[in-house]
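Quick note: the sequence shown uses our numbering, first residue 4, plus one each step. Working notes, structure below.
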Amino acid sequence: MFEIQPMDAELYRQQTRRSTLVLCAILAALCIALATLSVSLFGEPGGNNFRWNLGGVVAGLLLTIAVVRLYLWQQPWMAPAVYGFRLKRNLMKVTNILHQVEAGVAARDATAMRVQRFYHLGLLQMHQLDGNSSAISDMVKAVDLHREQMLAEGLDPEQQRLDPAWLASISERWRDHKRR
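Here it is as structure tokens:
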């Protein structure tokens, strides 16, 4: 289950820029080092060593991914970037079935209404964290309208959590409805 957490946008951007620079430096250092090492071990002096350079760069990329996932992902200084990644992944899960969610909302399905509210709140936070105020302005009317619909149905509009079971339920209901 994913939960939207309050976060200062300016601090988020500052910390994610720093973590991005660190990851870029690690990637560059590993790619250069492994390309140089592969050419020195397997290359031919004065020959075409493109494949050894490329192999070293690919190995550097794979090693960087492993270091990030196995070690750096848990580091406190990576927490804002990890949170942003998880937020965007969960929003993408909703985006992938958005037409089903919207069909459920049109039918006043409580689960679909909760998922759409989470989606709206998550998008608003993502745009805020990214500093995209024009996208927020574009969403305000739809977000407010959906909030009013939830209140009219007696549902709590403070939907900060996304349960993966809700997505499966909506997808299954839509799939069953489509077959009829």
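In this text, a Cβ means the ideal position worked out from N, Cα and C, and glycines have one as well.
Output the distance between the C-alpha atoms of K181 and L132, rounded to the nearest integer angstrom. Position 178 of the sequence shown, counted from the first residue, corresponds to residue 181. Position 129 of the sequence shown, counted from the first residue, corresponds to residue 132. For K181, the pLDDT reaches just 49, beneath the cut-off of 50, and the residue's location in the model is therefore unreliable, although a value from the coordinates is still provided. If I take the Cα positions, the gap works out to 37 Å.
Local conformation of L66 per DSSP, three classes: Numbered from its first residue, the sequence shown carries residue 66 at position 63. Three-state result, L66: helix.
Between which two residues does the alpha helix (DSSP H) harbouring I139 extend? In the sequence shown, the residue the question calls residue 139 occupies position 136. Taken as a continuous stretch (DSSP letters only), the alpha helix (DSSP H) holding I139 covers S136 to A155.
Got a sec? Which residues, its chain only, sit under 7 Å from V71 by beta carbon, not counting five neighbours each side? Here residue 71 corresponds to residue number 68 of the sequence shown, with the count starting at 1. The answer, listed in chain order, is L26.
Does the distance from the C-beta atom of T23 to that of P83 stay below 8 Å? For the purposes of this step, residue 23 is taken as residue 20 along the sequence shown, with counting starting at 1. For the purposes of this step, residue 83 is taken as residue 80 along the sequence shown, with counting starting at 1. Their beta carbons are not under 8 Å apart, which means T23 does not touch P83 by this criterion.
From S41 to G49, what distance separates their C-alpha atoms? The residue you call residue 41 lines up with position 38 of the sequence shown. The residue you call residue 49 lines up with position 46 of the sequence shown. Whole-angstrom Cα-Cα distance: 15 Å.
Identify, in the order they occur along the chain, each residue of the same chain with its Cβ nearer than 8 Å to the Cβ of V104, setting aside the five sequence neighbours on each side. As a first step, residue 104 must be located in the sequence shown, where it is residue number 101. Closer than 8 Å at the Cβ level, and outside the excluded window around V104, lie V97, A115, V118, Q119, Y122 and I173.
Between which two residues does the alpha helix (DSSP H) harbouring Y15 extend? Counting from 1 along the sequence shown, the entry for residue 15 is found at position 12. Per DSSP, Y15 belongs to the alpha helix (DSSP H) from A12 to F45.
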